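Undergrad: Protein chains in written order, with the working numbering: chain U, 6 to 354; chain G, 202 to 508. Backbone N, C-alpha and C fix where the C-beta goes; we use that ideal spot for every residue, glycine too. This structure is a prediction, so every number in the text was calculated from the model and none was measured.
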C-alpha cells in the first residue's frame with residue numbers, strides 16, 4: 006500500500022473531506038461522552054438543538070460565528086502564503102484595545118464616521134502586531150510560530166495592565182474593565198432583541214471580497230505563488246519579502262477587526278475574557294475550510310454551533326462543556342488526515 | 202546605586218538560587234524533550250498541550266490514591282501517547298508539523314480540562330495533594346527529587362545522543378534521512394520513537410508543576426512554558442548542555458523579575474515584570490537566529506524513494 010499524489014482533486018472530494026472529518030470527530034468524541042455516562046445520541050441531539058434548534062439558538066450561533074469568520078480568514082490568508090500566524094488571539098486583543106481607545110468618547114463624531122474609524126483602528130492595531138514577527142522573519146530569519154505565540158501572552162499582560170491602569174473604568178466598581186465605547190461607535194443590531202450585530206455582515210462581505218481578490222487579482226496570485234514556492238516566486242521576479250509583509254498586515258488586520266467588532270457589536274467594553282480562544286479556533290476554522298475564504302464561513306458556523314450547542318447541552322447533562330474544545334481539536338486532526346486522503350490516492354503495491 | 206545594591210542583595214541570598222533551580226526544572230525537562238524531537242527532524246508544537254496533560258494526569262493519579270512516583274510515570278506515559286499521535290500524523294503521513302502540533306496542543310489542553318471537570322465538577326477551590334518535599338540538603342541544594350531527576354536527565358540525553366548508536370541514529374534521521382535509510386536504518390520507526398521519548402519528557406515537565414512546584418492543578422497553569430521551551434531549543438543550538446544553561450539563565454532572569462517586582466513595591470505595574478520572560482525569549486531568538494544551525498531535515502517529511 007502506498008500513497009500516490011492526485012494530479013487534480015475533484016470538487017466533490019474537496020467538499021467531502023471536511024464533512025468526513027467532522028463525522029469522524031463526532032464519532033471519536035462520542036466515546037468521551039459515553040465515558041461520562043450520558044446517553045450519546047441524546048447528548049448530540051441536545052447539542053444540535055442548542056446550536057440551531059430555535060430562533061434564539063440560531064442568532065447566538067451566528068453571533069459566535071462572527072469573530073470566528075474573521076480569525077478564520079486571518080489564519081487562511083496567512084497560511085496561504087506559508088506565514089504561520091498563531092498569534093491571532095493577541096492581534097484580536099490589540100484590535101479591541103484600539104477600539105476602546107478610539108471609540109471611547111475622545112472623538113465626538115457621528116456614527117457613520119466613527120464606526121468605520123474604529124474598525125480601521127482595530128485593523129491597524131492587529132496588523133502592526135503581526136508586522137513585528139513578520140519583519141523578524143524576513144530580516145533575521147526568526148521563526149514566526151514561536152514569536153507570534155509568545156506575543157499572545159505579552160498582549161494579554163499589556164491589556165491587563167491597561168485595564169488596571171490608564172483604561173480602567175472609574176464607574177466599573179473596581180473590576181478590571183474599560184469604560185464602554187461611545188454610543189455612536191456601536192455597530193447596529195441585525196435582528197431586534199438579539200445579540201446579532203452588523204459585524205456578521207462585515208465578516209461575510211470580507212470573505213467574498215477576499216475570495217475575489219484571491220482568484221481575480223495579481224495580489225491574490227502573488228500570495229498563492231509565494232506560499233506554493235517562495236524560491237520560484239522570487240525567480241519570477243516577485244518581491245517575496247514585501248508580499249510576506251503585506252500578507253502579515255492583512256492577516257493581523259483581520260484578527261484585529263474581530264476584536265474591534267466584538268467590542269462595538271457585542272460587549273461594549275473591554276475585559277480580559279473578551280475572547281474564549283477565538284484566535285486559536287480560527288486556525289481550526291481555516292483548516293476545515295482548506296484555506297478557502299468562502300469555506301471559512303461554513304467552517305466558522307460549524308465551530309460556533311459546537312460551542313453554543315455544547316454550552317446548552319452541558320446545562321442539561323453532566324458532560325463538561327469542554328467537550329466543545331475537544332471536538333474542535335479532534336476535528337482539526339481528522340481534517341488533516343481527510344485532506345491528505347483527498348490529495349492522494351491509495352494504491353496497492 | 203540603590204538599584205545595584207538591591208540586585209546584589211538578591212543574588213547573594215540562598216533562597217534566590219533555590220528559586221532559580223526550582224523555576225528552571227520544567228524548562229530543563231521541556232527543552233530536553235523538544236530537543237530530542239527536533240534532533241530527529243520533527244518539530245513538536247504539541248509541547249504546550251502535552252505539558253498540560255502531564256500536569257493534569259500526574260496530579261489526578263496521585264489524587265486518586267497513587268503514590269507520587271506512579272503519578273510521574275502516568276504523566277510520562279500520557280506524554281508519550283500524545284507524542285505517538287503527533288508522530289503518527291507527521292512521520293508516516295507527512296502532515297504539516299506546524300498545524301498538527303497546534304492540533305495536539307489544542308487536544309491535550311482541552312482533554313485535560315474535560316477530564317478534570319468531569320472528575321471534579323464543582324471544585325471552586327482546587328483540591329490539593331501532598332507534593333514532593335525538598336530533600337534535606339543545605340542552601341540551594343534543598344530541591345525536590347524531580348529537579349535532581351531533570352539535572353540527571355540532561356547527562357543521560359547528552360550521553361545517549363553523542364555516545365550511543367541509538368543517539369547517532371536519531372541525529373542521522375534528523376540530518377539526512379536518506380543516508381540513514383541507506384545504512385539500513387528504519388527512518389520512520391526512529392523518528393516515531395524519538396518523538397515519543399521527547400514527549401514523555403514534556404509530560405514530566407508538566408508533572409513537575411503539579412507534583413513538585415504546586416500541589417494542585419489549575420487551568421492555564423502551563424502558561425506558555427512550552428512555547429518558551431521551543432525558543433530555548435533554538436537558543437541552545439540543539440545541544441543538551443546548552444539547553445541546561447539556557448534554562449538556568451532564563452530561570453535566573455525570571456526569579457530576578459519576581460524579586461524586583463516585590464522590591465519595587467508596586468511603583469511599576471506587575472504586568473511589566475511578567476512580560477519580561479516572553480520578551481526575553483523573543484530577544485534570545487533574534488540574537489541566535491542568524492547563526493542557528495537547524496537539524497538539516499527539520500520539518501521535512503521523509504518518504505522512501507521521494508526526493
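Could you name the residues of chain G that residue 59 of chain U contacts, counting a contact when the two beta carbons are closer than 8 angstroms?
TA: What residue 59 of chain U touches in chain G: nothing, since even the nearest Cβ is about 26 angstroms away.
Undergrad: Can you tell me whether DSSP reads residue 297 of chain G as helix, strand or coil?
TA: Residue 297 of chain G: coil per DSSP, three-state reduction.
Undergrad: Got a sec: which bits of the segment 276-305 of chain G sit with their beta carbon under 9 angstroms from any beta carbon on chain B, in order along the chain?
TA: Annotation note: the requested chain B is absent from the structure, which comprises protein chains U and G.
Undergrad: My understanding is that residue 276 of chain G touches residue 404 of chain G, with C-beta atoms under 8 angstroms, so please give their C-beta distance in whole angstroms.
TA: Correct: roughly 4 angstroms between the Cβ atoms.
Undergrad: Within the continuous beta strand (DSSP E) that includes residue 10 of chain U, where are the two ends?
TA: Its beta strand (DSSP E) spans residues 7-10.
Undergrad: Pull up the distance between the alpha-carbon of residue 19 of chain U and that of residue 344 of chain U, whole angstroms please.
TA: Between residue 19 of chain U and residue 344 of chain U, the C-alpha separation is close to 8 angstroms.
Undergrad: Examine chain U for any beta-carbon lying closer than 7 angstroms to the beta-carbon of residue 483 of chain G, and answer yes or no.
TA: Interface residue, yes.
Undergrad: In angstroms, rounded to a whole number, what distance separates the CA positions of residue 501 of chain G and residue 260 of chain U?
TA: If you take the alpha carbons of residue 501 of chain G and residue 260 of chain U, they lie about 29 angstroms apart.
Undergrad: If you measure beta-carbon to beta-carbon, which residues of the segment 343-373 of chain G are closer than 9 angstroms to chain U?
TA: Listed in sequence order: no entries.
Undergrad: How would you list, in chain order, the residues of chain G whose beta-carbon sits under 8 angstroms from the beta-carbon of residue 285 of chain U?
TA: The answer, in chain order, is 303 and 307.
Undergrad: For residue 293 of chain U, tell me which candidate among U:304, U:284 and U:285 has the shortest Cα-Cα distance.
TA: Taking only the C-alpha atoms, the option nearest residue 293 of chain U is U:304.
Undergrad: Spatial neighbours of residue 37 of chain U within its chain, please: CB distance less than 7 angstroms, with the 5 preceding and 5 following residues excluded, ordered by chain position.
TA: Cβ neighbours of residue 37 of chain U beyond the five flanking positions: 328 and 331.
Undergrad: Which runs of the alpha helix (DSSP H) at least 4 residues long sit entirely within the segment 456-507 of chain G? Give them in chain order.
TA: Correct list: 471-490.
Undergrad: Taking only three categories from DSSP, how would you classify residue 250 of chain U?
TA: Helix, per DSSP.
Undergrad: For residue 212 of chain U, is the classification buried or exposed, using 16 other Cβ atoms within 10 angstroms of its Cβ as the cut-off for buried?
TA: So residue 212 of chain U ends up on the buried side.
Undergrad: In whole angstroms, what is the alpha-carbon distance linking residue 272 of chain U and residue 71 of chain U?
TA: When rounded, the distance between both Cα atoms is 13 angstroms.
Undergrad: Cβ atoms of residue 166 of chain U and residue 470 of chain G: under 7 angstroms apart, would you say?
TA: In this structure, residue 166 of chain U lies closer than 7 angstroms to residue 470 of chain G by Cβ.
Undergrad: Would you mind reading off the limits of the beta strand (DSSP E) that contains residue 229 of chain U?
TA: Unbroken run through residue 229 of chain U is the alpha helix (DSSP H), 223-233; no beta strand (DSSP E).
Undergrad: Under 8 angstroms: do the segment 103-121 of chain U and the segment 51-58 of chain U share three or more Cβ pairs, one atom per stretch?
TA: Too few Cβ pairs lie closer than 8 angstroms, so no.
Undergrad: Could you spell out where the alpha helix (DSSP H) holding residue 372 of chain G opens and where it closes?
TA: Residue 372 of chain G -> alpha helix (DSSP H) spans 366-376.
Undergrad: Considering just the uninterrupted stretch of the beta strand (DSSP E) at residue 351 of chain U, what are its terminal residues?
TA: Segment 349-352, the beta strand (DSSP E) holding residue 351 of chain U.
Undergrad: If contact is defined by three or more beta carbon pairs under 8 angstroms, each pair taking one atom from either stretch, is the segment 332-342 of chain U in contact with the segment 301-321 of chain G?
TA: Counting Cβ pairs under 8 angstroms, three or more are found: they touch.
Undergrad: Using a beta-carbon distance cut-off of less than 9 angstroms, what residues from the segment 391-417 of chain G approach chain U?
TA: Going along the segment 391-417 of chain G in chain order, one finds no residue with a Cβ nearer than 9 angstroms to chain U.
Undergrad: Helix, strand or coil for residue 400 of chain G? Go by DSSP, reduced to three states.
TA: Residue 400 of chain G falls in the helix class under three-state DSSP.
Undergrad: Based on the DSSP secondary-structure assignment, which residues constitute the bridge partners of residue 142 of chain U?
TA: In the DSSP output, where bridge partners are listed per residue, residue 142 of chain U has none listed.
Undergrad: Kindly indicate the opening and closing residues of the alpha helix (DSSP H) around residue 23 of chain U.
TA: It spans 16-40 - the alpha helix (DSSP H) in which residue 23 of chain U sits, taken as one unbroken run.
Undergrad: Helix, strand or coil for residue 202 of chain U per DSSP?
TA: Reduced to three states, the DSSP call for residue 202 of chain U is strand.
Undergrad: Please determine whether the Cβ atom of residue 263 of chain G lies at a distance below 6 angstroms from any heavy atom of the ligand ADP.
TA: The ligand ADP is not part of the structure shown, which contains no ligands of any sort.
Undergrad: Quick test of the definition: if touching needs 3 or more C-beta pairs under 8 angstroms, does the segment 443-453 of chain G touch the segment 127-137 of chain U?
TA: No, the segment 443-453 of chain G is not in contact with the segment 127-137 of chain U.
Undergrad: Would the segment 382-390 of chain G count as touching the segment 251-261 of chain G if we require 3 or more Cβ pairs under 8 angstroms?
TA: Not touching, per the Cβ criterion.
Undergrad: So that I know if they touch, is there some Cβ in chain U lying closer than 7 angstroms to that of residue 264 of chain G?
TA: No, no contact with chain U.
Undergrad: Going along the chain, which residues of its own chain have a beta-carbon closer than 6 angstroms to the beta-carbon of residue 142 of chain U, five neighbours each way excluded?
TA: Around residue 142 of chain U: 149.
Undergrad: Tell me the DSSP secondary structure of residue 194 of chain U in three-state form.
TA: Here residue 194 of chain U sits in strand by DSSP.
Undergrad: On a CA-only basis, which of U:144, U:237 and U:76 is nearest residue 92 of chain U? Give me that one, please.
TA: Of U:144, U:237 and U:76, the residue nearest in Cα terms is U:76.
Undergrad: Looking at chain U, which residues of the segment 421-439 of chain G have a Cβ within less than 8 angstroms of any of its Cβ atoms?
TA: Hits within the stretch, in order: 424, 425, 428, 429, 431, 432 and 435.
Undergrad: Any idea what DSSP makes of residue 183 of chain U, helix, strand or coil?
TA: Residue 183 of chain U falls in the strand class under three-state DSSP.
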